[in-house]
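Chains as they are written, first to last, in the working numbering: chain V, 1 to 206; chain D, 207 to 412.
What follows is one structure encoded as structure tokens, with my remarks underneath.
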């Protein structure tokens, strides 16, 4: 299960609350995040977010993101799934579609080609898209972070394109993606996410 | 122009001598190496060679290598070629074909797919393949390095497969690759490389 959305929509909070909610129902849950999730991938995350590397070319950024993802999938996600755990991940390939595809304008076909290399046959069963206008979400993200990273430094136009791409993916795959209005308070968002999780559990017969 | 071969065949020495030889003929030469060549790619080199990351999956290693290469091509090689410089590179995509394809057994089609993403349309005009049996070359490499890196720790069978793949590429592309016997002394190897360079200069009308 993945949680997606632009900076400041409350993904990490909702991942933690959803894990708690599922554990309360007796499920074995692993929470993780991207880019990251393995020692190597966390080092790549540091390189990707570091503002000293301002001039990373689009193709290089894409290859680095998928290198981190391949490591995360092979060493952390697949072993957890094989142990029967539920995996909740803060961002996955939809983030690449939205940020590098929508935001930076890299070709969708190139992204899908690399996704097929990095995680052949693996796709989230459910994706919670936390949606909010960039103006609102970025204001929250900037309160939190006094040193904006390489992505947080992008302008509103960039995040508007990222959000539009997220919504386009949700429109194309309404079964997999569930869009939750993230402009409401934390409790209302948490209730909306719990409703999505409840429906999934019911559908899977738990 | 690229220089290829397994550990200990004398690539870095021959790159430096070839650069000197070409500069002596009035050419503007840039020497560089892979993985590396940009600040980001040198950080990736460190991660790739670091023995602490012993369990890098094959696909992850491949994506990381091509991320480093995409950075190197976009930020260093293409700008140098556009300035009219001759670029001499210690290893390039043939090394990936030999090490990850031959050595690790990753599919050739996957490597070519990533090469087409990382450096579309770019291929060396000439590749000097320094060839020696792994027994001999590795003994030299081990005298040099008291702390063998993640690749140098591989066994003789691995390097035998790498060498065989290099020779297979040379057999397929005899115009681009020139195989030089690296078991001879440095001076004999240097003369053989100079003969290859001389023929290239003559063919290019210099």
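Quick reminder that beta carbons are idealized off the backbone N, C-alpha and C, glycines included.
Everything numeric in this text was worked out from a predicted model, so none of it was measured.
- Distance between residue 64(V) and residue 160(V), taken at the CA atoms: about 24 Å.
- Following the DSSP letters along the chain, one finds residue 162(V) inside the alpha helix (DSSP H) bounded by residues 156-172.
- Taking the Cβ atoms as the reference, residue 275(D) lies roughly 5 Å from residue 324(D), within the contact range of under 8 Å.
- Taking the C-beta atoms as reference points, residue 134(V) is found no nearer than 8 Å to residue 142(V).
- Short of 8 Å from the beta carbon of residue 81(V), and not among the five residues preceding or following it, lie these beta carbons of its own chain, in chain order: 87.
- Assignment of beta strand (DSSP E) within the region 90-135 of chain V, counting only whole runs of 3 or more residues, yields 127-131 in chain order.
- Judged by their CB atoms, residue 125(V) and residue 84(V) are not nearer to each other than the 8 Å cut-off.
- For residue 120(V) and residue 202(V), the gap between their C-alpha atoms comes out near 28 Å.
- The region 249-269 of chain D makes contact with the region 299-318 of chain D; the number of CB pairs closer than 8 Å reaches 3 or more.
- When the alpha-carbon of residue 261(D) is set against those of 41(V), 49(V), 189(V), the nearest one is in 41(V).
- Runs of the beta strand (DSSP E) lying entirely within the region 214-287 of chain D and spanning at least 3 residues, in chain order: 235-239.
- In this chain, residue 210(D) is not harboured by any alpha helix (DSSP H); it is covered by the beta strand (DSSP E) spanning 208-210.
- At least one beta carbon of chain D lies nearer than 8 Å to the beta carbon of residue 43(V).
- Per DSSP, the continuous beta strand (DSSP E) segment holding residue 384(D) begins and ends at 383-387.
- Taking 8 Å as the cut-off, the Cβ atoms of residue 392(D) and residue 219(D) count as close.
- Using a Cβ-Cβ cut-off of 8 Å, residue 74(V) is close to 263, 265, 266 of chain D, given in chain order.
- With respect to residue 272(D), residue 320(D) sits close: the two C-beta atoms are nearer than 8 Å.
- Beta bridge pairing from DSSP links residue 293(D) with 236(D).
- Apart from the 5 residues on each side of it in sequence, residue 140(V) sits with its Cβ closer than 6 Å to the Cβ of 8 in its chain, given in chain order.
- The C-beta separation of residue 182(V) from residue 131(V) comes to about 6 Å, placing the pair in contact by the 8 Å criterion.
- With contacts defined by Cβ atoms closer than 8 Å, residue 263(D) and residue 75(V) form a contacting pair.
- At least 8 Å separates the beta-carbon of residue 32(V) from that of residue 127(V).
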